[in-house]
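Each remark here refers to the structure printed beneath this line.
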Amino acid sequence: MTAFFDRLADRIAEVDSIVSVGLDPDTDRLPAEVRDADLPRWEFNRRIVDATADHAAVFKPNAAFYEDPDGWRALERTVEHAREKGVPVLLDAKRADIGNTSRQYAKVLDSVDAITLNPFLGRDSLAPFLDREDAGCFLLCRTSNPGGADVQELELADGDLVYERVADLASEWSEDGNGNVGLVVGATTPDELRTVRERVPDLPFLVPGVGAQGGDAEAAATYATATNGAGLVNSTRGIIFAGEESDQSYADAAEEAARDLKERLNRYR
Numbered sequence: 032m033t034a035f036f037d038r039l040a041d042r043i044a045e046v047d048s049i050v051s052v053g054l055d056p057d058t059d060r061l062p063a064e065v066r067d068a069d070l071p072r073w074e075f076n077r078r079i080v081d082a083t084a085d086h087a088a089v090f091k092p093n094a095a096f097y098e099d100p101d102g103w104r105a106l107e108r109t110v111e112h113a114r115e116k117g118v119p120v121l122l123d124a125k126r127a128d129i130g131n132t133s134r135q136y137a138k139v140l141d142s143v144d145a146i147t148l149n150p151f152l153g154r155d156s157l158a159p160f161l162d163r164e165d166a167g168c169f170l171l172c173r174t175s176n177p178g179g180a181d182v183q184e185l186e187l188a189d190g191d192l193v194y195e196r197v198a199d200l201a202s203e204w205s206e207d208g209n210g211n212v213g214l215v216v217g218a219t220t221p222d223e224l225r226t227v228r229e230r231v232p233d234l235p236f237l238v239p240g241v242g243a244q245g246g247d248a249e250a251a252a253t254y255a256t257a258t259n260g261a262g263l264v265n266s267t268r269g270i271i272f273a274g275e276e277s278d279q280s281y282a283d284a285a286e287e288a289a290r291d292l293k294e295r296l297n298r299y300r
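Residue numbers (the working numbering): 32 to 300.
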C-alpha cells in the first residue's frame with residue numbers, strides 16, 4: 032500500500048484542502064434529531080461526514096469519545112463510512128507504552144490510516160507503530176494547550192528545549208525508518224510552530240487549535256505542510272458544533288464551517 036503521507040498529499044491536492052475535521056461527538060452536545068438513534072454518535076458522525084467530506088483532507092476522531100461498547104461500534108461505522116467517501120482517518124489516541132502493550136495498541140492501525148502518539152517513552156515504545164510502513168504517526172511535540180509549556184519548553188543541558196529535541200528525534204526516526212513520522216504542533220503557539228518547521232522541513236504537521244482554541248490560522252496554514260505537500264490543520268468544535276449558534280441544520284452549518292476554514296487556510300498556503 033502507498034505510504035500514508037503520499038496518500039495524504041494526493042488527497043490534499045484532490046480536494047484543495049488541508050482541513051482535518053475532528054469527530055468528537057460529545058454526548059452532552061448532540062442535537063435532538065440524533066439522540067434517539069440506535070447509535071447517536073454514529074448518526075451524528077454520519078451526517079457530519081456526508082456534509083464535510085468534500086472539504087476534509089482527513090477525519091480525526093478522538094478515541095476518548097468512543098471508549099465504551101456503543102462508542103466503539105459508532106467509531107467502527109464512522110471509519111468505514113469515511114473510507115467509503117474516500118477520506119483517510121486519523122485516530123487521535125496519543126498512544127504508546129512498552130512491550131506487548133504497545134503492540135496491542137498498534138493493532139488499531141489495521142482499521143485506521145494514521146494515529147497520534149506520545150513520544151515520551153522513547154523509540155522502543157513507538158516501534159510497533161513506526162514499523163507499519165503504510166501508517167502515519169504524528170508525535171506530540173508542542174501541543175496547543177497552555178500547560179504544554181510545563182514540560183515541552185523545559186531547557187535541556189545543551190540549550191535545546193524539550194519540544195525541539197522531540198522534533199529532532201522524530202526527524203531521525205523518520206529518516207532511519209519508513210518516512211512515516213509527523214508532528215503535532217499547535218496553532219496557539221505560532222512562534223514555536225515556525226521554529227519547528229524551520230528545524231524539520233520534511234515532516235508533516237498536524238496543527239490543532241485554530242477553532243475554539245483561537246489559534247493563529249495564518250501560521251497554521253503557512254507551516255503545516257512539509258516539502259512533499261502533506262500536512263493538516265484541525266478544527267473540531269468549530270466545525271461539528273457550528274450549528275449550535277446557527278439557524279441552519281447542524282450538518283449544513285458544519286459544511287459551511289468546513290468550507291470557510293478551507294478557504295481561509297488556502298489564502299495562506
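Ideal Cβ positions, reconstructed from N, Cα and C, are used throughout, including at glycine.
Secondary structure at residue i, three-state DSSP: helix, strand or coil?
i, result
"K293", "helix"
"T132", "helix"
"A145", "strand"
"E74", "helix"
"E184", "coil"
"V238", "strand"
"L39", "helix"
"A34", "coil"
"Y281", "helix"
"G117", "coil"
"V231", "coil"
"Y254", "helix"
"R317", "With the chain covering 32 to 300 only, the question about residue 317 has no answer from this structure."
Could you check which residue in the options has the C-alpha nearest to that of residue i?
i, options, result
"L161", "E184, R126 and A180", "R126"
"D155", "V52, W204 and I79", "W204"
"A40", "L152, P221, R104 and N259", "N259"
"L122", "G269, E107 and R134", "E107"
"I271", "E229, E64 and A284", "A284"
"P56", "V50, D47 and R66", "R66"
"I43", "A273, S266, G262 and G242", "G262"
"T174", "A251, P71 and A82", "A251"
"E249", "L140, R225 and D233", "R225"
"H86", "P239, V52 and T219", "V52"
"A124", "N211, S133 and G117", "S133"
"L54", "A34, A94, L70 and S48", "A94"
Just grab the DSSP bridge partners of residue i for me.
i, result
"D123", "N93"
"G213", "F169"
"N176", "Partner(s): none; N176 has no beta bridge."
"N259", "Answer by DSSP bridge pairing: none, since N259 is not bridged."
"L157", "For L157, which the question treats as bridged, DSSP gives no partner whatsoever."
"V264", "V50 and V238"
"L192", "E186"
Can a CB atom of chain D be found closer than 8 Å to the CB of residue i?
i, result
"G179", "No chain D is present in this structure, which holds just one protein chain."
With a cut-off of 8 Å on the beta carbons, I'd call residue i and residue j a contact; round off their distance for me.
i, j, result
"V215", "L237", "5 Å"
"A145", "F169", "7 Å"
"G217", "G245", "Incorrect: roughly 11 Å between the Cβ atoms, too far for contact."
"G102", "R77", "Actually they do not touch by this definition, with Cβ atoms about 15 Å apart."
"F90", "V139", "That belief does not hold up - the Cβ atoms of F90 and V139 are roughly 15 Å apart, past 8 Å."
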